[in-house]
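Numbering (our numbering), first residue to last: 25 to 329. Notes follow the structure.
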């Protein structure tokens, strides 16, 4: 049903178009005004000009669900009213951002949309899950419940679980992975998380655990000399990656982020993609609401344009 997209879509690609359109005079259209609806409303119409503020920036505070639709799309007319009703009933737990793909083709291109309706969940400035087609309402509710449960306490607009909940028994698959990690067997820990993902590709806990394990393996081999080596060879991407890993592992998080953002500015094409992917991988080691990550994401968006 769903496909995890975290780290695979560069939402900052819409920034330049948005900035250009903000200064353009408003145009009449048959739909709601750009960014329509009251501020903080449960449902908002989004354009390329307002996508950064209404979706990416807003997702740093709460879950944003993007509904990619078109007037001619029959299944969209079945799905959109359901999403709108669920958003209104959510009490502000999440926000629905509606995008007319005919009027805003760049947004559809960034997401790599192959068919509509497509629905994408955004949290912490990145896609975290998605589905296509007009699913039944119970399936959509379950999908939203799983997302909100995974995000509890991780975003300012998603409250933590209350203390009255009954603690669920530990999942032995995670226990196995965590035990391997604790004894320093990073290869086995990564394999254990991969076994979970083979069965549940959208399992956010397993993806986060695997990212932590991979970084821990790199950090364990980190060399303090990586930093001066990278400083002496700014065009050596492997040296920059090693230095950034070392800086993040030793608590110099902003230095590691800044190093790779500068590398983004110096590179292009596939090299730039490699740097961005490495940096996004480091972002995933932290809480999405971490201010250092939020600042670095904004700086990354600026560097890309």
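Glycine residues also receive a C-beta, built at the ideal position from the N, C-alpha and C atoms. Predicted, not measured: the structure shown is a model, and the values here were computed from it.
*For residue 299, does the three-state DSSP call read helix, strand or coil?*
If you number the chain shown from 1, residue 299 lands on position 275. Under the three-state reduction of DSSP, residue 299 is assigned to helix.
*Rounded to whole angstroms, what's the CA-CA distance from residue 160 to residue 245? Just pull it up for me.*
Numbered from 1 along the chain shown, position 136 holds the residue referred to as residue 160. Numbered from 1 along the chain shown, position 221 holds the residue referred to as residue 245. In this structure, the alpha-carbon of residue 160 lies about 49 Å from that of residue 245.
*asked:* Taking the beta strand (DSSP E) that residue 104 belongs to, which residues open and close that run?
replied: For this step, residue 104 is matched to residue 80 along the chain shown. Looking at the DSSP string, residue 104 is not in any beta strand (DSSP E); the run it does join, the alpha helix (DSSP H), is 98-113.
*asked:* Just verifying my parser: in three-state terms, what is the DSSP assignment at residue 47?
replied: Translated into the one-based positions of the chain shown, residue 47 becomes position 23. Caution is warranted here: a pLDDT of 47 is assigned to residue 47, below 50, making its placement in the model unreliable, and the coordinate value is therefore given only provisionally. Coil, per DSSP.
*Which runs of the alpha helix (DSSP H), 4 residues or longer, sit entirely within the segment 251-316?*
Taking only runs of at least 4 residues, the alpha helix (DSSP H) segments lying wholly in the segment 251-316 are 261-273, 277-290 and 293-307.
*What is the residue span of the beta strand (DSSP E) that residue 92 lies within?*
If you number the chain shown from 1, residue 92 lands on position 68. Its beta strand (DSSP E) spans residues 87-93.
*Residues bridged to residue 120 [DSSP beta-bridge criterion]*: Looking up residue 120 in the chain shown gives position 96. Paired residue(s): 67 and 89.
*Are the segment 141-151 and the segment 302-321 in contact at 8 Å, needing three or more beta carbon pairs?*
Enough Cβ pairs lie closer than 8 Å, so yes.
*asked:* Quick check on residue 63: buried or exposed, where buried means 16 or more other Cβ atoms within 10 Å of its Cβ?
replied: The residue labelled residue 63 in the question sits at position 39 within the chain shown. Note on residue 63: pLDDT 39, under 50, position unreliable in the model; no value is reported.
_Between the alpha carbons of residue 87 and residue 103, how many angstroms are there, rounded?_
Position 63 of the chain shown, counting from 1, holds the residue named residue 87. Position 79 of the chain shown, counting from 1, holds the residue named residue 103. Each residue's Cα considered, the two are about 19 Å apart.
*asked:* Taking the straight line between their C-alpha atoms, what separation do you get for residue 328 and residue 196?
replied: Within the chain shown, numbered from 1, the residue matching residue 328 stands at position 304. Within the chain shown, numbered from 1, the residue matching residue 196 stands at position 172. C-alpha separation (whole angstroms): 42 Å.
*Going by alpha carbons, who is nearest to residue 279 out of 126, 290, 296 and 317?*
If you number the chain shown from 1, residue 279 lands on position 255. With respect to the C-alpha of residue 279, the residue from 126, 290, 296 and 317 having the closest C-alpha is 317.
_Sheet register partners of residue 150 (DSSP bridge)_ = Counting from one through the chain shown, the residue named residue 150 turns up at place 126. Paired residues: 147.
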